[in-house]
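Heads up: the sequence shown begins at 1 in the working numbering, then just goes up one per residue.
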Amino acid sequence: VLPALSLDGVLHLDVIPCSWTAALFNGFIDGLLNNMNLFPGKNSVIVMDNASIHKSPNLRPLVE
């Protein structure tokens with residue numbers, strides 16, 4: 001289970017029957033972006049920790 005949370009609740013949620021990989025996480029972020037706004041609007045900032053799946057070289061171009 002992987003939720004993306006905002007101050008107003010859940011923005012996006014995925015449930016998969018296996019471990020998260022960088023490729024799966026990138027797909028999750030791609031779906032999340034449909035529920036977000038451009039900066040500096042509401043729900044326009046993504047905060048992640050330093051988990052290895054957050055360090056994919058394909059992730060930065062996806063969110064910028």
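By construction, the Cβ of each residue, glycine as well, lies at the ideal position given by its N, Cα and C atoms.
query, result
"Tell me whether the beta-carbon of I16 lies closer than 8 Å to the beta-carbon of L62.", "no"
"When burial is assigned at 16 or more other CB atoms within 10 Å of the CB, is F25 buried or exposed?", "buried"
"Just the C-alpha distance for R60 and L32, rounded to the nearest angstrom, thanks.", "14 Å"
"What do you get for M48, buried or exposed, if any count of 16 or more other CB atoms within 10 angstroms of its CB means buried?", "exposed"
"Going by DSSP, what residues sit across from L13 in a beta bridge?", "P3"
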